[in-house]
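K.L.:
Residue numbers (my numbering): 22 to 209. All C-beta atoms in this analysis are idealised placements derived from N, C-alpha and C, irrespective of residue type, glycine included. The model shown is predicted, which means the values in this text are computed figures rather than measured ones. Next up is a structure, given as structure tokens.
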């Protein structure tokens, strides 16, 4: 409920730093927040094999993950997932109290081990917050301005031109040098 007055939200995902920023003008009374992890199929493969599921129907239940390590402190929330012996990832969000309201910063990271994630991801959030919301937003906008000023097209069919610009936005949003390849489907 916002019965105690209005709240202004400003939100963006940084174009270069792969960190997200949410600024709240103030914390509403009774406000709570959390970071949910994906609803993967959790369990032990051995249990499923013992129940004979694979032999019955080649069930996708065999694709399982161990439960995540959940972080649920007052100002830091998120999770760490171990995917294999040498691959894990984490997603964290941290709240910072500022003179102008509340700043939430989130990021994700992959590593070969959880200890590395536990050390690097919180530092990334602190470093991103230290620059401040307005400075981060300004550098984000500057990146997009440089990107759009590199080229453009004029097509007589408005629909085709619109699709060209949407595609350019898609490429810039999810396909960068040194990053993972763009997915063929799903959320981008």
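Does residue 168 come out as helix, strand or coil in the three-state DSSP assignment?
P.N.:
Position 147 of the chain shown, counting from 1, holds the residue named residue 168. Of the three classes helix, strand and coil, the one that applies to residue 168 here is helix, per DSSP.
K.L.:
For residue 101, count neighbouring Cβ atoms within 10 angstroms of its own Cβ and tell me buried if that reaches 16, exposed if not.
P.N.:
As a first step, residue 101 must be located in the chain shown, where it is residue number 80. Answer is buried; the Cβ neighbour count reaches 16.
K.L.:
Counting only the same chain and skipping the five closest in sequence on each side, list residues whose C-beta sits under 6 Å from that of residue 32.
P.N.:
The residue given as residue 32 occupies position 11 in the chain shown. Around residue 32: 43.
K.L.:
In the DSSP assignment, the alpha helix (DSSP H) including residue 123 goes from what residue to what residue?
P.N.:
Translated into the one-based positions of the chain shown, residue 123 becomes position 102. It is not in any alpha helix (DSSP H) - residue 123 instead sits in the beta strand (DSSP E) that spans 122-132.
K.L.:
Looking at the secondary structure, which residues open and close the beta strand (DSSP E) in which residue 236 lies?
P.N.:
Because the chain in this structure spans residues 22 to 209, residue 236 falls outside the shown range and cannot be described.
K.L.:
Which residue's Cα is closest to the Cα of residue 158: 104, 183, 29, 36?
P.N.:
Here the question's residue 158 lines up with position 137 in the chain shown. For the residues 104, 183, 29, 36, the minimum Cα distance to residue 158 belongs to 36.
K.L.:
Assuming residue 114 contacts residue 28 (C-beta within less than 8 Å), just tell me the rounded distance between them.
P.N.:
The count along the chain shown starts at 1 and reaches residue 114 at position 93. The count along the chain shown starts at 1 and reaches residue 28 at position 7. The beta-carbon separation of residue 114 and residue 28, rounded to 18 Å, does not stay under the 8 Å limit for a contact.
K.L.:
Rounded to whole angstroms, how far is the Cβ of residue 40 from the Cβ of residue 127, which I believe are closer than 8 Å?
P.N.:
For the purposes of this step, residue 40 is identified with residue 19 of the chain shown, where counting begins at 1. For the purposes of this step, residue 127 is identified with residue 106 of the chain shown, where counting begins at 1. Contact between residue 40 and residue 127 holds, since their C-beta atoms are separated by about 7 Å, short of 8 Å.
K.L.:
Going by alpha carbons, who is nearest to residue 51 out of 25, 196, 59, 60?
P.N.:
Mapped onto the chain shown, residue 51 falls at position 30. When each option's Cα is compared against that of residue 51, the closest is 25.
K.L.:
DSSP on residue 52, reduced to helix/strand/coil?
P.N.:
Mapped onto the chain shown, residue 52 falls at position 31. Residue 52 falls in the coil class under three-state DSSP.
K.L.:
When you compare each of 177, 90, 135, 124 to residue 107 by their alpha carbons, which one comes out closest?
P.N.:
Indexing the chain shown from 1 puts residue 107 at position 86. Answer by Cα proximity: 135.
K.L.:
Let me confirm a value: residue 45 is counted as buried when at least 16 other C-beta atoms fall within 10 Å, else exposed. Which label applies?
P.N.:
For the purposes of this step, residue 45 is taken as residue 24 along the chain shown, with counting starting at 1. Counting Cβ neighbours within 10 Å, residue 45 comes out buried, since at least 16 surround it.
K.L.:
In this structure, what does DSSP give as the bridge partners for residue 174?
P.N.:
In the chain shown, the residue the question calls residue 174 occupies position 153. BP columns for residue 174 are empty, so no partner.
K.L.:
Answer with buried or exposed for residue 121, where buried requires no fewer than 16 other C-beta atoms within 10 angstroms of its C-beta.
P.N.:
Sequence index remark: in the chain shown, residue 121 carries index 100 (1-based). When all chains shown are included, residue 121 counts as exposed.
K.L.:
Under the three-state reduction of DSSP, which class applies to residue 90: helix, strand or coil?
P.N.:
Here residue 90 corresponds to residue number 69 of the chain shown, with the count starting at 1. Of the three classes helix, strand and coil, the one that applies to residue 90 here is strand, per DSSP.
K.L.:
In the DSSP assignment, find the beta strand (DSSP E) that holds residue 47 and state where it starts and stops.
P.N.:
Against the chain shown, residue 47 aligns to sequence position 26. Here residue 47 belongs to no beta strand (DSSP E), and DSSP marks it neither H nor E.
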